[in-house]
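Below is one structure, written out as C-alpha cells, with a few remarks after it.
Number of protein chains: 2
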Amino acid sequence: MKVAKFGGSSVANAEQLRKVANIIQDDRERKVIVVSAPGKRFSEDTKVTDLLIELGDAYLKNEPYDSKLQKILDRFQEITTELQISDRVIKEIEDGIHSILSSDDSDALKMDALKATGEDSLAKVLSVYLQSLGLKAAYLNPKNAGIFVSDNPGSAQILDESYEHLYKLRNRDDIVVIPGFFGYTLDGKLITFSRGGSDITGSIVAAGVRADLYENFTDVDSVYCVNPNIVENPKEITSLTYKEMRELSYAGFSVFHDEALIPAFKADIPVCIKNTNNPQGMGTIIVAQKAAQPNPVVGIASDTGFVSIYVSKYLMNRELGFGRKLLTILEDEGISFEHTPSGIDDISVIVRESRMPKDKEERVIARIKKELKPDTVHVDRDLALIMVVGEGMDSTVGLADKATHAFAKANVNLEMINQGSSEVSMMFGIKASKVNESVRALYEMFFQ
Amino acid sequence: MKVAKFGGSSVANAEQLRKVANIIQDDRERKVIVVSAPGKRFSEDTKVTDLLIELGDAYLKNEPYDSKLQKILDRFQEITTELQISDRVIKEIEDGIHSILSSDDSDALKMDALKATGEDSLAKVLSVYLQSLGLKAAYLNPKNAGIFVSDNPGSAQILDESYEHLYKLRNRDDIVVIPGFFGYTLDGKLITFSRGGSDITGSIVAAGVRADLYENFTDVDSVYCVNPNIVENPKEITSLTYKEMRELSYAGFSVFHDEALIPAFKADIPVCIKNTNNPQGMGTIIVAQKAAQPNPVVGIASDTGFVSIYVSKYLMNRELGFGRKLLTILEDEGISFEHTPSGIDDISVIVRESRMPKDKEERVIARIKKELKPDTVHVDRDLALIMVVGEGMDSTVGLADKATHAFAKANVNLEMINQGSSEVSMMFGIKASKVNESVRALYEMFFQ
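This is the structure:
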C-alpha cells in the first residue's frame, strides 16, 4: 500500500490535476492520497492559501472581502470547468467560508478553518474528478480519518491515538483523498498544523497505515547533491538516510520541512521524492539506513547569514563555568546557538544573524563584558556555513583531507572547521562571499 | 639589563654552579640573578626541596628528623667544599632550620619557610662563590628586594607594589642574587609561591626591573617544535609568541609553567630559554609579537588522556538551552570541559579523563539521561588531542589541507577537528594509539 502526497504546484490547476490522476491510475497501490491547496500556476501567482489568509485578515479588520472571496472561487471554478466536472463544489466552498466567518468560534479558530479551506476544497474536487474517470474514489475528511490533534491553532500536535484510527484505512477498497494541513481536536475543533503542514499530514497518514512507501510528489525530479543554482546540472541523489537529509536540510537544503518527516521516520516508512511532471523518474528515496555507498559523501549544503561572537580571555580554560555562563547569556535573550568552536583561551559562538537583531546583540555584548570580563569580544559577520554530508564520513580516512584541499584549491580561507560530533557531516565556516567557489570546488572533488 | 634565572638542574652541584658563574661573567648585563634550590644531580637523586619537605613532614609527625637534616647540610657542604668557599653558610642553614621549627608560627607558615630554605641557601652560596671569583655580587633577600605577596601559604599572589620596589634594583651596580620561590607578606611572614615558583619569581623580577631580556636557564637547548621522544632530533624553535607557547603548553609541551610567565607577558619582556650546559646556543625566544615567518606553523603538541561524552537527540538544535544544560551538569561536578564540537542533533564534550573519575562519570551520565532525555549518550575513551600551532594559521589558506593530508597519509581517522576559535592553533582528536604516527606525519609535512 502506498501513500501519495501531492504538493501545491502539483495541484495548482486542471493540467496538473490531470497528471495527478494519471499517476494515481498508474499504480493500484496508490490507495491513500493526501493533497495540498492549489499553489502558484506561474511565478507571480498567489497560492490559494495566501488568498484565504488575505480574506481572513480583511474580515478581522472589518474590511470588505467579497473580491477576495471571488478570486478564490474563481480558482476552483477554473479547475472544475476545465476538468469538465460538476461545479456543485464551488457552492459548497462559498457556503463553507460564510459559515466559518459567521460562527461563534474565536478568531484564532476561524482563521485556522479558513486556511484549511484550500486543501479541503481541492480534496473534494480531486475525488469528484477521479470518480468522473471511473475510479472508485472518495473524499475523506480528517475527522473521519481519525486525525486528532492538540488544541493549538496554527501548530497542532498529532495525538497518538490517530495512528490506530488511520490503520483502519487499510480495510477500504477505494481510493481515499484526504486534505492535508489540518486535523480536529477530540471535541471537534478544526486546528491546522504549522505552515507546510500537508507534508506533516502525509507523513502521519503513511505512518498510520504502515505504508510500504510514502511518495512525496513535488516539482523537482530528485534531491540534488548540491544547490542547482550554484552548480549547473548537478548529480541527483538516489538515496539518502534520514540523518543525512536532516543535516542537509539544516543548511538550507530543503525540498520540504524535514520535521514533517518525523512520523514516517519513527515508523520506519521509506519516503520517495518524485516529480509530478516526470513521474517515471527514479526520484530520491529516504530511508532509515542504507548500504555503504562507493561515494561516502551524499551532498553539500550551504547557508549564509551567520555571525560569530568571539570571546577571548587569558587562562579562560581555568575558569570553571566560563563557557556555560556565555551560553546562559545567549539563552536569556532567546538566542539559540549553532556551534561553539573553542580554543584554550577563547571561544566562538556561531549564531544565525536573524536570531540576533541589533538590540539583542548590544545587550549580549554588554553582558559578556560585564559578567565575563574578557580580554576581547567582537562579532564577525557575513559568515556562511557549508556542510559536507554522508553516512560514510565517520569511518573514512581522508575525507577531511579532500574537503580542505578543495577549499585550498579555490583559495578560500577556512574560518572554522567543526567535525567530530555528527557522524554524518563535516561543517566549514567561510566568508559568505566565497560560498559559490567553495561549493563548486567541493562538488568537483566529491562528485566528479 | 638582563635577568637570568637558573633552574634546579642548573644549580644542582658545584660543577653546574661553575657553569652558572661563567655565564654570569660572560655578559655584564646579567645583573639580576634568580635561583632555584639544588635539583637532581642524577636521575635517582632527590631534589633539595623534596628533602626539606620530608624533614618538615617528619617534624610535624613528631618523628626524628636529624638524618634528613644532615642530608640537606651534606648537599651544601659538598658544594662549598668543591667550590673552595667558606662553609660558614652551612652553619647558617642549620641554625635557620632550627629557628624555623622552634618558632611560634603556624605549621603552614613553618612548612613554607622550610620549603624556601633550599632557594635561600643556594642564593647565599652562589653570591659567596661569585665574590670569591672577584665579582661584586650580593645575596638579596626577597623582603629587601620588595617582593610582597598575599597571605596564602603555598600559593602566594604577588602584590602590585612589588614592581615599584623591584625597579629600584636598576640603581645598583653590583650583581644581585635573589632566591626564587618565596616572598613576604606586608607584616613580614614568609610565603611560598606554588611549586615551580622560581619561574614565577624570575618573571616578576624581570617585569619589575623592566629587563631588556629575561633569560630562563634550564637543561635543554631550546623548545623543540615537536616532542623529541616522538621525533628524533627535531628542529628547534627559534622564536615563539606568548600565544603560541600557551597553546603548545596546553597539550603537554611545557619546558616550564606557562602561567609563571604572566608577569613578563604583561610587561612585554622578551623571554629566552637557554641551556646552562650550552649557553652559546641560540635558545628559544618568546615574545609578544613576531614578524610573519616563512613557516606559519611553529610547533606540534600532543597529549593523551581525553574522553568524549557524546549526546544525540533528534531536533536537539530546536531545544533552547540544551547545550547550556549539558555544560551545567559538568560544572556541578566540577569538571572543566576542553571542547564541545557540536552537530545539529548531537554534541560532544571533550574532557580530561583525570577530571572525571568513574563515580563522577556515572553521575554525569545519569543526570544527562534524566534531565536531557537524549536519544543516545555514550563515552568514547582513549582520545588524544594534537595541536598544530602557529601565528600564521589565521590567514594562511591551505593549512588545514596540509594537516588533514598528513593524517590521511598516516592512515589515521580524524575523530574530531576543531578550528576557528583560536587564531593560532588547529586541534585534532584521534585515538591515542595513533599519536606517534600522526605527530611524525605532521612533522614531515610542516618541518621537512
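Those protein sequences? They're chains A and B, same order as listed.
If you read the first sequence in our numbering, its first letter stands for residue 115, the second for the next number, and so on.
If you read the second sequence in our numbering, its first letter stands for residue 115, the second for the next number, and so on.
We put the beta carbon where it would ideally sit given N, CA and C, even for glycine.
query: If I'm right that Thr-315(A) touches Ala-270(A) with Cβ under 8 Å, what's the distance once you round it to whole angstroms?; result: Not confirmed; about 10 Å, so no contact.
query: In three-state DSSP terms, what is Arg-286(B)?; result: coil
query: Which runs of the beta strand (DSSP E), 3 residues or longer, sit entirely within the segment 419-448 of chain A?; result: none
query: Please report the Cβ distance between Tyr-428(A) and Val-491(A), rounded to the nearest whole angstrom; I am assuming they are in contact, meaning their Cβ atoms lie under 8 Å.; result: Tyr-428(A) to Val-491(A), Cβ: 14 Å. No contact.
query: Measure from the alpha carbon of Ala-251(B) to the alpha carbon of each residue in Ile-207(B), Asp-219(B), Arg-438(B) and Arg-142(B), then state which is nearest.; result: Arg-142(B)
query: Using a Cβ-Cβ cut-off of less than 9 Å, list which residues of the segment 485-516 of chain A approach chain B; keep chain order.; result: Met-501, Asp-508, Ser-509, Thr-510, Val-511, Gly-512, Leu-513, Ala-514, Asp-515 and Lys-516
query: Kindly say whether Tyr-364(A), judged by its beta-carbon, lies nearer than 7 Å to any beta-carbon of chain B.; result: yes
query: Would you say Lys-116(A) and Val-148(A) are within 7 Å of each other, going by their C-beta atoms?; result: no
query: Flag this pair as yes or no: are the beta carbons of Ala-151(B) and Ile-193(B) separated by less than 7 Å?; result: no
query: Looking only at its own chain, which residues have a Cβ that is under 6 Å from the Cβ of Arg-537(B), when we skip the five neighbours before and after it?; result: A small fix is needed here, since residue 537(B) is Glu in this sequence, not Arg. Asp-508, listed in sequence order.
query: Which residue comes first and which comes last in the alpha helix (DSSP H) that contains Ser-213(A)?; result: 202-215
query: What residues from the segment 525-538 of chain B come within 9 Å of chain A, judged by C-beta to C-beta, listed N to C?; result: Asn-525, Val-526, Asn-527, Leu-528, Glu-529, Met-530, Ile-531, Asn-532, Gln-533, Gly-534, Ser-535, Ser-536, Glu-537 and Val-538
query: For a quick check, are the C-beta atoms of Ser-336(B) and Thr-390(B) less than 7 Å apart?; result: no
query: Specify, as a first and last residue, the run of the alpha helix (DSSP H) that Thr-194(A) falls within.; result: 180-196
query: Assess, as a yes-or-no matter, whether the segment 542-561 of chain A is touched by the segment 501-521 of chain A under the definition of 3 or more beta carbon pairs within less than 8 Å.; result: yes
query: With DSSP as the reference, label Ala-118(B) as helix, strand or coil.; result: strand
query: Within 10 angstroms of the Cβ of Gly-448(B), are there 16 or more other Cβ atoms? Answer buried if so, exposed if not.; result: exposed
query: Say whether chain B places a C-beta atom closer than 7 Å to the C-beta of Gly-453(A).; result: The sequence given here places His at residue 453(A); Gly does not occur at that position. Chain B, which has a Cβ nearer than 7 Å to the Cβ of His-453(A), makes this yes.
query: Would the beta-carbon of Ser-422(A) fall within 7 Å of that of Ser-462(A)?; result: yes
query: Would a C-beta distance cut-off of 7 Å place Glu-278(B) and Ser-539(B) closer than the cut-off?; result: no
query: When you compare the CB of Ala-522(A) with every CB in chain B, is at least one pair closer than 7 Å?; result: yes
query: Is it the case that the Cβ atoms of Ala-126(A) and Arg-144(A) are separated by a distance below 7 Å?; result: no
query: The alpha helix (DSSP H) spanning Ile-318(B) covers which residue range?; result: 311-322
query: How would you call Asp-382(A), buried or exposed, if buried means at least 16 neighbouring beta carbons within 10 angstroms?; result: exposed
query: Hey, out of Asp-164(A), Cys-386(A) and Asn-550(A), whose CA is closest to Ala-415(A)'s CA?; result: Asn-550(A)
query: Can you find a C-beta in chain B that's less than 7 Å from the C-beta of Thr-518(A)?; result: yes
query: Report the rounded CA-to-CA distance for Val-503(A) versus Gln-394(B), giving the unit in angstroms.; result: 55 Å
query: Under 7 Å Cβ-Cβ, which residues of chain A neighbour Ser-462(B)?; result: Gly-534 and Ser-535
query: Is the segment 464-476 of chain A in contact with the segment 473-483 of chain B, if contact means three or more CB pairs nearer than 8 Å?; result: no
query: Secondary structure at Asn-550(B), three-state DSSP: helix, strand or coil?; result: helix
query: With a Cβ-Cβ cutoff of 7 Å, do Leu-273(B) and Leu-228(B) count as a contact?; result: no
query: To the nearest angstrom, how far is the alpha carbon of Asn-392(B) from that of Phe-331(B)?; result: 10 Å
query: For Ile-458(B), which three-state DSSP category applies?; result: coil
query: Alpha carbon to alpha carbon, how far is Ile-376(B) from Ala-406(A)?; result: 52 Å
query: Report yes or no: do three or more beta-carbon pairs, one from the segment 201-211 of chain B and one from the segment 174-190 of chain B, lie closer than 8 Å?; result: yes
query: For chain B, find out if any of its Cβ atoms is closer than 7 Å to the Cβ of Arg-438(A); answer yes or no.; result: yes
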